[in-house]
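Going by the numbering used here, the first residue of the sequence shown is number 15, and it counts up by one from there.
Backbone N, C-alpha and C define an ideal beta-carbon position, used for all residues, glycine too.
Here's the structure we're looking at; comments come further down.
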Amino acid sequence: MVAREETQDPTLLSEVDGVHAVSIPLPGYSNLRTANIYIVGHGPVTLVDTGPKFPGAFEELRAGIERAGFRLEDVERILLTHGHLDHFGLVRSLREAAGREIPCYVHAEDRWRVTAEVHHDEMWTEEADRFMAMVDMPAEEVERVRKRFELFGLLCDPIQDVLPMEDGDVFQGEDYRLAVVHTPGHSAGACCFYEPERRILFSGDHVIGHITPNPFVEISRSRLRDPQYRSLKAYLDSLDRLSRLDVRLVLPGHGEPVTDLAGLLAGYRAHHEQRKEKVWEALRRDPRPIFRLIQDVFPEVPEDDIFLAVSEILVHLELLIDEGRAELLDPGPPATFRAL
Ligand SMILES: [Zn+2]
Numbered sequence: 015m016v017a018r019e020e021t022q023d024p025t026l027l028s029e030v031d032g033v034h035a036v037s038i039p040l041p042g043y044s045n046l047r048t049a050n051i052y053i054v055g056h057g058p059v060t061l062v063d064t065g066p067k068f069p070g071a072f073e074e075l076r077a078g079i080e081r082a083g084f085r086l087e088d089v090e091r092i093l094l095t096h097g098h099l100d101h102f103g104l105v106r107s108l109r110e111a112a113g114r115e116i117p118c119y120v121h122a123e124d125r126w127r128v129t130a131e132v133h134h135d136e137m138w139t140e141e142a143d144r145f146m147a148m149v150d151m152p153a154e155e156v157e158r159v160r161k162r163f164e165l166f167g168l169l170c171d172p173i174q175d176v177l178p179m180e181d182g183d184v185f186q187g188e189d190y191r192l193a194v195v196h197t198p199g200h201s202a203g204a205c206c207f208y209e210p211e212r213r214i215l216f217s218g219d220h221v222i223g224h225i226t227p228n229p230f231v232e233i234s235r236s237r238l239r240d241p242q243y244r245s246l247k248a249y250l251d252s253l254d255r256l257s258r259l260d261v262r263l264v265l266p267g268h269g270e271p272v273t274d275l276a277g278l279l280a281g282y283r284a285h286h287e288q289r290k291e292k293v294w295e296a297l298r299r300d301p302r303p304i305f306r307l308i309q310d311v312f313p314e315v316p317e318d319d320i321f322l323a324v325s326e327i328l329v330h331l332e333l334l335i336d337e338g339r340a341e342l343l344d345p346g347p348p349a350t351f352r353a354l
């Protein structure tokens with residue numbers, strides 16, 4: 015993710031009736047600033063995301079729900095913007111505290127991310143090993159990535175009972191209507207929720223004010239419905255979809271509310287164009303596997319973000335291949351690419 019200069023006014027949300035935010039600090043992940051949970055309306059009271067299972071996060075969530083004038087037991091529905099742990103990590107804690115299985119919805123494409131088996135035996139698949147060989151990730155780096163994935167697994171409780179939702183579904187309440195807008199890219203099942211009366215968009219990690227979200231490469235491609243799925247292509251198409259909505263206020267999964275959606279989307283597009291050119295120039299200098307492009311594209315990347323760097327290079331390379339500006343030279347493994 016890339017930091018941006020502009021910040022937004024956090025008091026914007028106080029002007030919106032019937033929507034409350036709970037912002038949980040994320041120690042160790044300061045670039046995300048906060049994990050935001052939104053409490054929407056009455057009859058039924060709906061949560062958009064739950065935050066991660068960080069120490070103290072559940073107590074913060076409980077306090078935020080009470081500040082909004084509700085009790086935990088009042089929460090009747092949970093909508094997940096996507097299946098990343100910092101968004102669904104506290105679903106099980108909420109259910110346990112409420113003493114019942116609060117219905118929880120996630121897009122079908124992200125279901126596998128939140129269910130139990132993925133966070134145990136299947137957390138690291140053969141597909142992941144094949145992927146690492148394809149990109150030419152050295153063994154010690156693979157080990158580091160694997161450890162990091164394991165660590166992430168501790169920041170959430172897997173949940174078995176999730177309900178599917180699809181683009182166009184509408185979740186209705188006494189004083190609100192949330193329409194599901196499927197916006198694949200950051201993850202294949204990422205969704206925004208659009209409230210047309212108030213012209214609010216709950217954007218998850220698809221739109222964030224202070225950083226550019228990552229369209230992560232999908233390693234576990236066998237889990238996807240569409241074998242042709244390309245994260246960045248999907249992400250840019252999803253931005254186009256959003257630009258057609260009438261939005262006054264964006265409430266993101268991290269950081270502060272955003273008012274200038276059009277300006278932000280234009281900035282995202284320019285960012286990805288620039289990065290794509292950087293990948294192309296590096297390949298033009300020297301055809302090579304993806305891991306060996308890091309030294310040119312992200313020379314200063316911290317050790318912990320190596321996988322992120324690989325993901326960023328790969329998704330931009332996919333776009334270059336689609337545009338006929340790069341090609342696979344040798345399938346390997348490792349796969350070697352060249353610029354055209
Ligand atoms: Zn995410």
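- Between the stretch 146-155 and the stretch 84-92 there are fewer than three C-beta pairs closer than 8 angstroms, too few to call the two in contact.
- Our two residues, Gln186 and Cys205, have alpha carbons roughly 17 angstroms apart in a direct line.
- Cβ-Cβ separation between Ser245 and Pro266: approximately 19 angstroms, too far for a contact (criterion under 8 angstroms).
- At a cut-off of 3 residues, the continuous stretches assigned as beta strand (DSSP E) that sit fully inside the stretch 77-113 are 89-93.
- Following the DSSP letters along the chain, one finds Gly167 in no beta strand (DSSP E) but inside the alpha helix (DSSP H) bounded by residues Ala153 to Gly167.
- If you draw a straight line from the Cα of Arg299 to the Cα of Pro210, it is about 49 angstroms long.
- The alpha carbon of Ile116 has as its nearest neighbour, out of Asp124, Arg125, Val105 and Ala122, the alpha carbon of Val105.
- Only residues of its own chain outside the window of five on either side were considered, and among them Thr197, Gly199, His200, Ala204, Cys206, Pro227 and Ser252 have a CB closer than 7 angstroms to the CB of His220, listed in chain order.
- Separation of the CB atoms of Ile327 and Ile304 is rounded to 5 angstroms, and the pair is thereby assigned contact status at 8 angstroms.
- Checking the 7 angstroms criterion, the Cβ of Asp219 is within range of a heavy atom belonging to ligand 1.
- Boundaries cannot be given for Ile304, as no alpha helix (DSSP H) includes it and DSSP labels it neither H nor E.
- Each of Thr60, Asp100, Leu61 and Gln174 was checked against the Cα of Tyr43, and the nearest Cα belongs to Asp100.
- The alpha-carbon separation between Glu317 and Leu259 amounts to approximately 39 angstroms.
- Secondary structure of Glu341 (DSSP, three-state): strand.
- Bounds of the beta strand (DSSP E) holding Leu215 are Ile214 to Gly218.
- Under the 8 angstroms Cβ criterion, the stretch 309-323 does not count as touching the stretch 136-145, having fewer than three qualifying pairs.
- 8 angstroms or more divides the Cβ of Leu263 from the Cβ of Leu279.
- Cβ neighbours of Gly113 within its own chain (closer than 8 angstroms, five residues either side excluded): Glu87.
- Scanning its chain for C-beta atoms nearer than 8 angstroms, with the 5 sequence neighbours on each side dropped, one finds around Pro347 the residues Arg144, Ala147, Met148 and Asp150, in chain order.
- According to the DSSP assignment, His196 belongs to the beta strand (DSSP E) that extends over Arg191 to His196.
- The beta carbon of Thr48 sits closer than 7 angstroms to the beta carbons of Ser37, Ile38, Pro39, Leu40, His268 and Gly269 from its chain, once the five residues preceding and following it are set aside; these are given in chain order.
- Judged by DSSP secondary structure, Val329 falls within the alpha helix (DSSP H) whose first and last residues are Ile320 to Asp336.
- Per the coordinates, the alpha-carbon of Pro301 lies some 57 angstroms from the alpha-carbon of Arg81.
- Following the DSSP letters along the chain, one finds Val128 inside the alpha helix (DSSP H) bounded by residues Arg125 to Val128.
- Secondary structure note for Tyr119: its beta strand (DSSP E) is the uninterrupted segment Cys118 to His121.
- Proximity to Phe72 across Leu169, His121, Lys161 and Lys247 peaks at Leu169, based on C-alpha coordinates.
- If you look at Leu246, you'll find it in the alpha helix (DSSP H) that goes Ser245 to Ser257.
- Ranking Ala349, Glu337 and Ile320 by CA distance to the CA of Arg162 puts Ile320 first.
- Inclusion of His96 in the 7 angstroms shell around ligand 1 follows from its C-beta lying nearer than that to a non-hydrogen atom of the ligand.
- Using a cutoff of 7 angstroms, the CB of Ser201 counts as near ligand 1, since one of the ligand's heavy atoms is closer than that.
- Rounded to the nearest angstrom, the Cβ distance from Lys292 to Leu333 is 12 angstroms, too far for a contact under 8 angstroms.
- Secondary structure at Asn45: helix, using DSSP grouped into helix, strand and coil.
- When the Cα atoms are used, Pro345 and Glu287 turn out to be separated by approximately 26 angstroms.
- Going by C-alpha positions, Val272 is about 31 angstroms away from Leu238.
- If you check the CB distance, Arg213 and Val261 come in under 8 angstroms.
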